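*Asks:*
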Amino acid sequence: MKVTLSVAALAAVASAAPKPGMSNLKKIRQAAPQITDADILNYALTLEHLEDKFYREGLGNYTEGEFASFGFDATFYGNLKEISSDETTHVKFLTAALTAAGATPVKECTYAFGVTDPKMFVATSSILEGVGVSAYLGAAAEIVSAEYLTAAGSILTVESRHSSYIRSSLGESPFPSPFDVPLSLNEVYTLAAPFIVSCPSDNPTLPVKAFPKVVSPPTNDPITPGKTITLLTPDSIVKPADGSSQIYAAFITVTGPVFAPATATDGGFTVTVPTAPEGGAPIAGQTYAVLTGCNTTVTDETVAAGPAVFEVGPAK
Ligand SMILES: *[C@@H]1O[C@H](CO)[C@@H](O)[C@H](O)[C@H]1NC(C)=O
Ligand SMILES: *[C@@H]1O[C@H](CO)[C@@H](O)[C@H](O)[C@H]1NC(C)=O
């Protein structure tokens, strides 16, 4: 069967009603109710704007020679420009699809990336690409229209190639796990929000919110299962919604969260990175952990803070 991804074809299904019933993935990862495909496309566009601006700004900040002085050669620089161009194309595609569907596409915001040199730029790029993969993967189960799902999938696979390439360039495994991690819209927005300074006031409001931030401070030792790490909670005292006193770190995987008790410490919590249960997706590569009072499930109602994002894997 031939699948043609035209903006017009996408527009025809834009106003479809939310899908009834629950997919298997939703049973594992309960997501926002009653979200429309236009909301999801605008959510994707919000992330694409952030990535697009990130690459354009970084390539404006640093010359090919400056990248080279940090060990990133001419081939890498050329591929960065290609990635930047892909993100611009994604922005144009989603903007056109939303416009054709009669929805208002979100516009670019102003951002603070806090990047100070080419090395930090590439490290941030790696995180953003990984979050992009998890965002599209998590949103997939919410998309009603098959056309939109294919379009989103065709972007997801490219984000995943960007991620592998950047990881490999940083000396990390390009494919550290047989499974990628789906994140909910609010989990992704929590990771994106610290970069967003302000948005145009006429941008449509999306049904997403940021949880309080959780930060995994840089470590010299590689993080592996069995290691104890610190998760900082700079924004707030974390209180679970259900009033329980024990806090857990829930490590998100496609086969379900893996829980580990978190111990309060100055400015946050310590937690020992768990090993995934037999048959479950491993905790490896770019990893996400939320803080919660519940140790049986992770939903937007039970997340107290996070996710934190950090790399789990062997020494580089
Ligand atoms: C570009 O440079 C400015 C000024 O140093 C910095 O604030 C910003 O985070 C940098 N952005 C990127 C993407 O490199
Ligand atoms: C979950 O919490 C209960 C107590 O509420 C405890 O008995 C159980 O061992 C915990 N399970 C995990 C995986 O931490």
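Counted from 1, the sequence shown has number 162 at position 163 by numbering that gives the first Met the number 0; the numbering is strictly sequential. Think of the CB as a built atom: it goes at the ideal place given N, C-alpha and C, for glycine as much as any other residue. Fair warning: this is a prediction, and the values are worked out from it, not measured in the lab.
Okay, do the segment 222–234 and the segment 269–281 touch, 3+ Cβ pairs below 8 Å being the bar?
*Replies:* With a cut-off of 8 Å, the segment 269–281 and the segment 222–234 count as touching, because enough Cβ pairs lie within range.
*Asks:* Given this structure, state the Cα-to-Cα distance separating V105 from L93, to the nearest angstrom.
*Replies:* Counting from 1 along the sequence shown, the entry for residue 105 is found at position 106. Counting from 1 along the sequence shown, the entry for residue 93 is found at position 94. About 10 Å.
*Asks:* Excluding the 5 residues preceding and the 5 following F210 in the sequence, name in chain order all residues of the same chain whose CB lies nearer than 7 Å to its CB.
*Replies:* Here residue 210 refers to the residue found at position 211 when the sequence shown is read from its first residue. Excluding sequence neighbours, F210 sits near N185, T189, V302, A304, G305.
*Asks:* By the 10 Å Cβ neighbour count, where 16 or more other Cβ atoms means buried, how is S124 classified, buried or exposed?
*Replies:* What you label residue 124 is simply residue 125 of the sequence shown in a count that begins at 1. Per the 10 Å Cβ criterion, buried.
*Asks:* Using beta-carbon positions only, say whether L155 and L136 come within less than 8 Å of one another.
*Replies:* For the purposes of this step, residue 155 is taken as residue 156 along the sequence shown, with counting starting at 1. For the purposes of this step, residue 136 is taken as residue 137 along the sequence shown, with counting starting at 1. Result yes, Cβ atoms of L155 and L136 sit closer than 8 Å.
*Asks:* Would you decide whether A314 is buried or exposed? Buried here means 16 or more other CB atoms lie within 10 Å of its CB.
*Replies:* The sequence position of residue 314 within the sequence shown is 315, counting from 1. Exposed, because fewer than 16 other Cβ atoms sit within 10 Å of the Cβ of A314.
*Asks:* So L127 and F53 are supposed to be a Cβ contact under 8 Å. How far apart are they, rounded?
*Replies:* Taking the first residue of the sequence shown as 1, we reach residue 127 at position 128. Taking the first residue of the sequence shown as 1, we reach residue 53 at position 54. About 6 Å separates the two Cβ atoms, so the contact holds.
*Asks:* Do you know how far the Cα of L49 is from the Cα of D85?
*Replies:* Taking the first residue of the sequence shown as position 1, residue 85 is located at position 86. Taking the first residue of the sequence shown as position 1, residue 49 is located at position 50. Distance between the alpha carbons of D85 and L49: 13 Å.
*Asks:* Whose C-beta lies closer than 8 Å to the C-beta of E63 among residues of the same chain, with five residues either side of it excluded?
*Replies:* As a first step, residue 63 must be located in the sequence shown, where it is residue number 64. Around E63: A73, Y76.
*Asks:* Please identify the residue among A259, V187, P276 whose C-alpha is closest to the C-alpha of G129.
*Replies:* By one-based count along the sequence shown, residue 129 stands at place 130. When each option's Cα is compared against that of G129, the closest is V187.
*Asks:* Assign Q245 to one of two classes, buried (16 or more other C-beta atoms within 10 Å of its C-beta) or exposed (fewer than that).
*Replies:* Numbered from 1 along the sequence shown, position 246 holds the residue referred to as residue 245. Q245 should be labelled exposed.
*Asks:* If we require 4 or more residues per run, which alpha helix (DSSP H) segments fall completely within the segment 146–198?
*Replies:* 184–191
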